[in-house]
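A quick write-up on the structure given underneath.
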């Protein structure tokens, strides 16, 4: 069967999502180029591997050379001190889009995050047009990536689908994780649609399965035709046990960003 | 199995919904305290019974003493002359929230009504942010309860889920009833979610099953994770028979409140 | 010169606004009927006086007999315990609208209040379509009046202009008072427009002069043609003196309702 | 079984949809009157046939005489030079509504078109309240029909459901066709609901099945109770094959109107 | 002084606005070409005159030849039977835009009308994004012109400013006329801005002075920099005299279109 | 007279706005601390000078020590290669807010820019809730500052007023400059209001005078009470001279960001 692309690039291949997605990427292209900042073993069949530091312009250009489309999952993916986030996620995306632009690449799928909107209360229904409210340096760096890619669309016509990915691990165990859960299969479907649908412009989509209690409305990205097949409803009810309303004071329960709120910049001691 | 609460209070136990819900409340708490203004027989296992006149402050305080959460279904539930509605539904909710506040109770589920918005045309799609348009004294008293509970949240942090309950009887027989139908199972689910979801703040949710032709959009309350399992589509089509467009002039067909429009304050003779 | 009406009724004539408006009402009608619950001296030329308890149906009917339009400023106008507010403002408006309806009166100007929305933050711009957020029993009773008059419009075609009056005293001395100030002349203009403009339906308008820093947008009521001539900018700057950001924690500064927030229902001792 | 109506009129009976719908119309009425500008053979049982030129006032009056409701599918249904469109679709609808009005007919179902909004980008989610953006003379003539029928509702109380029909052919073969596909069964259901639901006023509904990637939100018409049973997801994936981002420059891919954009008025040679 | 253009075309020169504007057009161009369907006397200095029937394609092409911009005020400007409106306003605008397109003209100022939205209640605040609700054939023909010019912008990049002109006569004498009044000077300013502001795309602006009680919000067209200098507040108060609420039943008072509502298609006798 | 503060910090003192504002800052505080990365001469009376590199954490902490409020105008203020912008505007604001947070400073006025929204068309009316669309690295760095300060408000209660400053030079000479002009006096007023109004939370305000043709609506920040006294209407009309519609293709005319669009990242050669 003919594949959609000849060669795609997946960055962040050594990360959690990179490792889980690796075997699913072959359906998209004859050659899957995998990249990360650290060595992660040898290429398998149909793969190419490029070790690249996103903060280094020349590394990034080399990494992007000759690809048809990019799935950009690379960079820091947890709350960290600012310097590494700045290097990998801010300078890194600047380098990436400069390469994309100069090399004539036409579409990027950017792994953004729900932490761009993590400070919204858990009682608020969001859609992609609402102002960002990041919950720490990590979330802010994803705000940066979304704004930067918007600029490259508005100014140069380079298309990006920004996926605000939820909790993408095999099994949710808390209320928040169940609410924001994204199954691997649904993520793969979302990547597929983001790559093949014609004319996506600059789109922000929430990467989330069809869970009960969703905070996020994918209305603006409905044209992608993403139709999640999974739901966290199939997991044991994470709201079991005695209800303790006192916990309502916990900021990780009150805000969509959850635990990230206390991993970021701290109150002074 | 551990239950969510030690003791909950259900008011209005002798009413239509009270009687139908009675056997379903045990899943929520070790002890279900039932209350009404009139005697409704003896307590069963796991129950406590308190007879209380909502218009009497001391009755209400006694009724609320020692409970973890309240399902407030008490008061007048049909269109009536103003005095009884004022006593039970206006003064009654003032007494209730004063008790809730003074006794340190943290959450109420309030049985509001679609009659808060009964004057909207049947061609209008509503959500919880739209201005109320009550269809009579009863609907107005529910507007009062919603506004009062909003105040207690804004000012004192007491949480309330206001359920604008539709037609909650076993079988709908008219177009309007089918459109606004709420199955008992769906109501139980909605009560469950309203009680156990952390951080509900002040929420208005429409209590309605997954019927065709819904007038109401529960978007703002989606975080509750309420997922109706029933639909009035399974009942015999209530739009059968010859269509008579002349009936379009009937105000009970043109407005969402239906029959309540002609049960309330009347045109002068 | 011909006056707009033969006879209008002004309720609440003994109150602050009643006393200040008394000499300005003659432009509206040949006969100004003044009413209050308490004696306030003899009628002057062109006046009629009716002492009436709003909670008494027969008083209210007598008070309304034979008038062309009503300016309803009567009832409790400060934060109070619930019982007097219920009698004058809740039962009182029910009686009023029943009389209006039965007697064939076609338009009411209702003195509502900014305390219907007093719990909104002072950083929020409001318009008349936004959900109410009252700041105490008084504000809630005005929510009641707005909802009740809406019903009488939707159901029976009786027109009401609800004026959410701001700070209507001669001279503002705080930031909040300057922001919400309404001059007497502007109030008179607003009453005039509310009475004479054809087809007002049910309208909510903010009664406020053209002050700097307005929280309220009168867009939906612009058709009234109300064009405030005064502004609190002419008063000494109420933001003088050293800035103390610590006061930002003061709930009367953070919410539009100001001082009313601490006059209403209290935290338990 | 009793049918909803005694006699309905279906115009455009010789067209694509007319021929496919013909056998499905009997469920709506005892007598189905079929009309077109050209001869299309003899009447079958339960049918009446009236040949009528929509541009001729007397033809139209004769065609409408004695019917209970009208399904107006007649007129030009493809992009054409302006003159035939003006005669059939503009003058034709003026004649139709004059007849409807004079003859006391109370409801019309009008076959409008997605080409009323064909100039919107394919990345935009639409609902019925958004301004029209037609993609040629044909689409503009449907804008005319929607505006004309709105007038007849606002001014004379004649009800119309405007169906913005998508791609209604047996099998979609392109991305756009799959996205906008309407199955025949879903169309029949939509006609049924449009005819029998009480109080439809003037409603614009998108005639589309439950396809992935929908551009159109039927929220405002949800009260019709239309629940599509089909989805284009069952057809072979129309996004197969190698992705060619260069095609993103194709205006028929970038706009919802697709091929119609290049069938209409042309750039000068 | 250099003028903005070498040659502009003004159609409808023999009409009310044409005659009043005639002496004001010279500021826009060295040569003002005036056109109408009927003879209106000889050209003055700096003028050219072309008699043209808008319904005739060749007339329209001749009329448009060699102009830099068009002020299209021609066609029928009152409620009339449909045929003349169709010829002049529907076929006429089709011919005009075909000429504009083929001849390479880049901008049109189109005299639309408030009768495109005349069925809105007088209590409703409108802006340009709200759906049209015409009040008769004339208003519908202006809806047509707005939609047609939108198409020519979306598809071919031809710019149009549609002016929904209010009551443009020397002196308003009714409430509605005062509310919708446009002074000649303000109209001239609006024409100037519509012609000279760079990049207007397709814009709908309300042609109205700075009157009290405006129903229309020009927010979306604010970029034009139109700043009305006149107000109907300077005329004698048109709301004088005794108020008669019974007149509220008059449809010409309840709807923005006023008198046009009863000049258009009629109820059957 | 008592001044609002004891000591305020103004960063960017050697820049264009810094030099023009310098003499106006004394009204805000007894001591004005001025800071920049480069030497700009000796302190005058009532001033303190701190030379600080925003990219150096310790510099920034020293600069902020002991101040009551900060006017942050420092950093790069023109389109530049990314590295200097990253250091001064991204790392610089991170350092600043960390210092603010650790040192207990409660309010910042942040000089943001209209280049955060420079890619919007000049025909679009904006308000502060609309998604950002930056026009280059500089604009993106201001998006960063707005998002970072939002986080510090949401998470730690530190207040910031972000001023999206327009064209703040003595005299506008182009259409865009006239449209976005901010007079020095209006800027001073805006700084004053931003400093002294209680409870500003996180606010985005457009820094612009009362010019004709404004693209920006300050509705959400109206509570600041900013009332511009100047208007670019007093300058010679910048739209003089012959109109050349061909220039409509110029991207600096089509987008709000103007010249910045071609100073930023370029198309590949």
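Protein chains in written order, with the UniProt record's numbering: chain P, 1 to 269; chain R, 1 to 269; chain X, 1 to 269; chain D, 1 to 269; chain S, 1 to 269; chain Z, 1 to 269.
Note that CB positions come from ideal geometry on N, CA and C, so glycine has one too.
Residue pairing of residue 217 of chain S in beta bridges, as defined by DSSP: S/127. Across the structure, residue 84 of chain X and residue 164 of chain R are spaced so that their CA atoms are roughly 29 Å apart. The beta strand (DSSP E) runs of length 3 or more contained entirely in the stretch 182 to 241 of chain R are, from start to end of the chain, 202 to 207.
Across the stretch 171 to 195 of chain X, CB contacts with chain Z closer than 8 Å involve 175, 179, in sequence order along the chain. Listed by position along chain P, the residues whose Cβ is nearer than 7 Å to that of residue 214 of chain D are 222. Taking C-beta separations shorter than 6 Å and ignoring five residues to either side along the sequence, the partners of residue 142 of chain P in its chain run 112, 113, 116, following chain order.
When the beta-carbon positions are compared, residue 54 of chain R and residue 92 of chain R come within less than 8 Å of each other. With a beta-carbon spacing of about 5 Å, residue 182 of chain P and residue 166 of chain P fall inside the 8 Å limit used to define contacts. For residue 209 of chain D, same chain residues with a beta-carbon under 6 Å away, outside a window of 5 residues either side, are 181, 182, 183, 186, 228, 230, 231 in chain order. DSSP links residue 160 of chain X through a beta bridge to X/108, X/202. Residue pairing by DSSP places residue 121 of chain R opposite R/255 in a beta bridge. In this structure residue 119 of chain Z is in contact with residue 257 of chain Z, their Cβ atoms being roughly 6 Å apart against a cut-off of 8 Å. DSSP, reduced to helix, strand and coil, places residue 30 of chain R within a strand of the structure shown. Using a 10 angstroms sphere on the CB of residue 35 of chain X, the tally of other CB atoms reaches 16 or more, which defines it as buried.
A check of alpha carbon separations from residue 128 of chain D across D/137, D/136, D/146 identifies D/146 as the nearest. Between residue 202 of chain P and residue 150 of chain P, the C-beta spacing is below 8 Å. Residue environment for residue 103 of chain Z: exposed (fewer than 16 other C-beta atoms within 10 angstroms of its C-beta). Taken in chain order, the complete beta strand (DSSP E) segments of 3 or more residues contained in the stretch 30 to 62 of chain X are 47 to 51. Residue 178 of chain P: member of the alpha helix (DSSP H) spanning 175 to 179, first to last residue. Listed along chain R are 198, 199, each with a C-beta nearer than 7 Å to that of residue 248 of chain P. Against chain P, a Cβ distance below 7 Å from residue 154 of chain Z picks out 119, 133. Following the DSSP letters along the chain, one finds residue 69 of chain X inside the beta strand (DSSP E) bounded by residues 69 to 72. Collapsing the DSSP output to three states places residue 22 of chain P in a helix.
In this structure the stretch 75 to 82 of chain P does not touch the stretch 211 to 221 of chain P; the number of beta carbon pairs closer than 8 Å is below three. As DSSP reads the structure, residue 113 of chain R sits in a beta bridge with R/165. Using a Cβ-Cβ cut-off of 8 Å, residue 243 of chain X counts as an interface residue toward chain Z, since at least one Cβ of chain Z sits closer than that to its own. Leaving aside the five residues that flank residue 247 of chain X on each side, the residues in its chain whose CB is nearer than 7 Å to its CB run, in chain order, 253. Bounds of the beta strand (DSSP E) holding residue 6 of chain D are 5 to 11.
Excluding five sequence positions before and after residue 225 of chain D, the CB atoms of its chain that fall closer than 6 Å to its own CB belong to 193, given in chain order. Residue 60 of chain S counts as buried, since no fewer than 16 other beta carbons sit within 10 angstroms of its beta carbon.
Rounded to the nearest angstrom, the Cβ distance from residue 29 of chain R to residue 56 of chain R is 25 Å, too far for a contact under 8 Å. Sorting Z/72, Z/99, Z/236 by C-alpha distance to the C-alpha of residue 172 of chain Z places Z/236 at the top. By the criterion of a C-beta distance shorter than 6 Å, residue 140 of chain R is surrounded in its chain by 134, once the five residues flanking it on both sides are discounted. In the displayed model, residue 93 of chain Z falls within a helix according to three-state DSSP. The DSSP-derived three-state label of residue 84 of chain P is helix. For residue 150 of chain P, a Cβ of chain Z is located within less than 8 Å of the residue's own Cβ.
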